[in-house]
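In our numbering, the protein residues as written are -19 to 229.
Where a beta carbon is used, it is the ideal one built from N, C-alpha and C, also for glycine.
Below you'll find the structure, written out as C-alpha cells, and then a few comments.
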C-alpha cells in the first residue's frame, strides 16, 4: 500500500509537460511562428476585393508582387474602369498611377490610411508585408474559441508612433499559427477596424488566409472581402518591376 501511495504522489507532482500537457508559450514565441508562417521574402498574389455597398457590390481584381516588407507593386485588372491602375510602394512611400488620367500621385504618412477604391482596406493594408514582431510589443492575455478553432488572444502595442494601428488584439489559431481575427485601434483606444478570416488555404506546408473580411467600424455596411485566388511563394521577381517607370508600362 505504501508503494502505491508513493507512486501516486510521484505522478501528481510531475511537471505538466511530462504528463503530456502543453508547455507554456509566450506571446513572442507565438508571433515568431505567425511571422514565419505568413510572411515571405518574395510572393505573387492574384486576388479580388468584393466591396459590399448599400445598393450594389463591386468586385476588383488585382495582381500583386512583393519583396520583403519594403517593395510591393500592384496592378488592377478588373473592372474596366479600374484596369491599368497601378501602385508601387517603396518603404514608406507609395505612388499610384491612373491610366484614365495618365497621372501619377504620391502618398506617404497618414495619407496611406485612406481607403482603396472605396473599400474597407487602406493603401497600407493592401501593400503591407511587415512582421508583427517588428512593429509591436506583445502580451498573451488568454485563450478563446473562434469559429470552433482554439486560439490564443494577444494584445499588441506599437513600438513607435509611425505604426498605422497603434494597438491590436489578435486571435491566433493554436494549430495553424495564423490570425483568425483582429481588432485594430488608434492610440486613443478608439476601435478602427475589425478583420475576420473566413477561409484558409495551405501552400508549401504553410497556412494562409484565403478569404478575409475587413470591416471599417467607422463606416456602415458589411465591409470588404479580400479573396486570394492564387499565390506563388518565393517567386523570382525582377527588380525592374519595383521602379517608377513600370507604372506606365
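Boundaries of the beta strand (DSSP E) in which residue i is found, first to last residue
i, result
"residue 57", "51 to 58"
"residue 138", "129 to 138"
"residue 67", "66 to 70"
"residue 86", "83 to 88"
"residue 76", "73 to 78"
Boundaries of the alpha helix (DSSP H) in which residue i is found, first to last residue
i, result
"residue 237", "Given a span of -19 to 229 for the chain in the structure shown, any question on residue 237 remains unanswerable."
"residue 115", "112 to 115"
Identified DSSP bridge partners for residue i
i, result
"residue 123", "132"
"residue 165", "147 and 171"
"residue 198", "Beta-bridge pairing links residue 198 to no other residue."
"residue 206", "29 and 192"
"residue 44", "25 and 54"
"residue 152", "132 and 159"
Among the options, the one whose alpha carbon lies nearest that of residue i
i, options, result
"residue 215", "33, 13 and 46", "46"
"residue 88", "69, 101, 100 and 57", "69"
"residue 5", "35, 155, 51 and 72", "155"
"residue 32", "195, 227 and 224", "195"
"residue 107", "118, 30 and 54", "54"
"residue 218", "17, 52, 29 and 165", "52"
"residue 127", "159, 104 and 223", "159"
"residue 163", "222, 16, 37 and 198", "198"
"residue 30", "145, 117, 166 and 59", "59"
"residue 103", "187, 191 and 71", "71"
> Per the contact definition of three or more C-beta pairs closer than 8 Å, is the stretch 78 to 87 in contact with the stretch 171 to 186?
Replying inline: no
> Would the stretch 23 to 31 and the stretch 138 to 150 be scored as touching if the rule is three or more Cβ pairs under 8 Å?
Replying inline: no
>> Whether or not the stretch 116 to 132 and the stretch 150 to 157 are in contact is what I'm after, with contact meaning three or more pairs of Cβ atoms, one per stretch, closer than 8 Å; do they touch?
In response: yes
> Which runs of the alpha helix (DSSP H) fall wholly inside the stretch -1 to 40 and span at least 4 residues, in chain order?
Replying inline: 7 to 18
> Is it a yes or a no for the stretch 10 to 21 touching the stretch 102 to 121, going by three-plus beta-carbon pairs under 8 Å?
Replying inline: With contact defined as three or more Cβ pairs closer than 8 Å, the stretch 10 to 21 and the stretch 102 to 121 are in contact.
> Counting pairs of Cβ atoms below 8 Å between the stretch 31 to 43 and the stretch 196 to 212, do you hit three or more?
Replying inline: Contact between the stretch 31 to 43 and the stretch 196 to 212 is present, because at least three Cβ pairs lie under 8 Å.
>> Taking contact to mean 3 or more Cβ pairs, one atom from each stretch, closer than 8 Å, check whether the stretch 198 to 207 and the stretch 93 to 109 are in contact.
In response: yes
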